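There are 2 protein chains.
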Amino acid sequence: MLTRIDHIGIACHDLDVTVEFYRRTYGFTVFHEEINEEQGVREAMLKINETSDGGASYLQLLEPTREDSAVGKWLAKNGEGVHHIAFGTADVDGDSEAIRDKGVRVLYDEPRIGSMGSRITFLHPKDCHGVLTELVTAASRKADASDAH
Amino acid sequence: MLTRIDHIGIACHDLDVTVEFYRRTYGFTVFHEEINEEQGVREAMLKINETSDGGASYLQLLEPTREDSAVGKWLAKNGEGVHHIAFGTADVDGDSEAIRDKGVRVLYDEPRIGSMGSRITFLHPKDCHGVLTELVTAASRKADASDAH
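In order, the protein sequences belong to chains A and B. According to our numbering, the stretch in the first sequence is residues 22 to 170, in order. According to our numbering, the stretch in the second sequence is residues 22 to 170, in order.
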């Protein structure tokens, strides 16, 4: 069951410049930063609020590390903007299987590793009214806390 | 101060079809539905979670009521997808003035009425790294509760 908006993924050309925009304009600060080589992105998570399911909602700023990554290609076509949205669940495996059974294309055979040690998968935007949709199961709280600093 | 992701605004061709997609695929249900004549949209709010500032996060599904509305023109150009993101604040007036003073274009001189009696304004996407960004102050809880059913 999807119990929160986990994050909004925003593609940008320059992560540092965009982080600085969000800091200067709104006061948002970086909760976590990492490079995901598999996805070909350098990313910053800005924590906006906590959520009623015990999780949190973030902005995820994404700079491609190579032009042929999914985000790199998307950015070349669309320019900067909202790349995807993500819902949080305690069970990304079960939920993605259930959603696949409803005829929505799930992009990975098995969930992969996402931000902060989470497990993630994506749903095909053409099956979701144009919205690239991610499902996320966060790593345990202990892992979250040790990753954060 | 912006204290939550208030909603993600998603433009669609047919509100009823898109509401049914979100219900069937994820189990999300309509919390509130209304027509905003000024914005030229028929919209449904799907409540996803409550937030640590006492508010909530929603998906806002938007169907244009006329082709020459902002959402209608956007949809003709881009197709279905994420139209804007919105942050919640207790003080949309003060925050939009402060953000204007930082050189970001605020699209309304004064906040206008948004979903569920909220007061809203928008920031120019070209000043926000490609993201059309809304600021929202929710109506009082009493008004929210009476609107919800």
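Every residue gets a Cβ at the ideal spot worked out from N, C-alpha and C, and that includes glycine. Everything numeric in this text was worked out from a predicted model, so none of it was measured.
Amino acids of chain B, ordered along the chain, whose beta-carbon sits closer than 9 Å to that of residue i
| i | result |
| --- | --- |
| G48/A | M22, L23 |
Reduced DSSP category for residue i - H, G, I as helix; E, B as strand; rest coil
| i | result |
| --- | --- |
| D35/B | coil |
| L153/A | coil |
| H129/A | Per the sequence shown, the amino acid found at residue 129/A is Tyr instead of His. The answer is coil: DSSP assigns Y129/A none of H, G, I, E or B. |
| F49/A | coil |
| G61/B | coil |
| G30/A | strand |
| G93/B | helix |
| T24/A | strand |
| G138/A | helix |
| G102/A | strand |
| I120/A | helix |
Cβ-based burial, residue i [other Cβ within 10 Å; buried from 16]
| i | result |
| --- | --- |
| V113/A | buried |
| M137/A | buried |
| I56/B | exposed |
| A97/A | exposed |
| A145/A | Residue 145/A is actually His in this sequence, not Ala. With fewer than 16 other Cβ atoms within 10 Å, it is exposed. |
| R25/B | buried |
Chain-order list of residues whose beta-carbon lies under 6 Å from that of residue i (same chain, five-residue window excluded)
| i | result |
| --- | --- |
| H28/B | Y79, Q81, A107 |
| E71/B | A77 |
Residue i: contacting residues in chain A (beta-carbon distance under 8 Å)
| i | result |
| --- | --- |
| T72/B | N70, E71, T72, S73, S78 |
| E10/B | In the structure as shown, chain B starts at 22 and stops at 170, and residue 10/B therefore has no counterpart that could be examined. |
Same chain only: Cβ atoms within 8 Å of residue i, ignoring 5 sequence neighbours per side
| i | result |
| --- | --- |
| M22/A | T110, A111, D112, D116 |
| I31/B | T39, L80, Q81, L82, L83, E101, G102, V103, H104 |
| E59/A | R133, I134 |
| G61/A | P85, T86, R87, D89, S90, A91, V92, G93 |
| N99/A | A32 |
Where residue i meets chain B, residues with beta-carbon distance less than 7 Å
| i | result |
| --- | --- |
| T5/A | Given that chain A is displayed from residue 22 to residue 170, the structure contains no residue 5/A and the question cannot be resolved. |
| I56/A | Those do not exist, as I56/A stays about 20 Å from chain B at its closest Cβ, beyond 7 Å. |
Under 9 Å from the C-beta of residue i: neighbouring residues of chain A
| i | result |
| --- | --- |
| R45/B | K123 |
Beta-carbon neighbours of residue i, restricted to chain B and to distances below 8 Å
| i | result |
| --- | --- |
| F42/A | C149, H150 |
For this session: Report the residues of the segment 114 to 145 of chain B with a CB closer than 7 Å to any CB of chain A, ordered along the chain.
Result: I120, K123, V125
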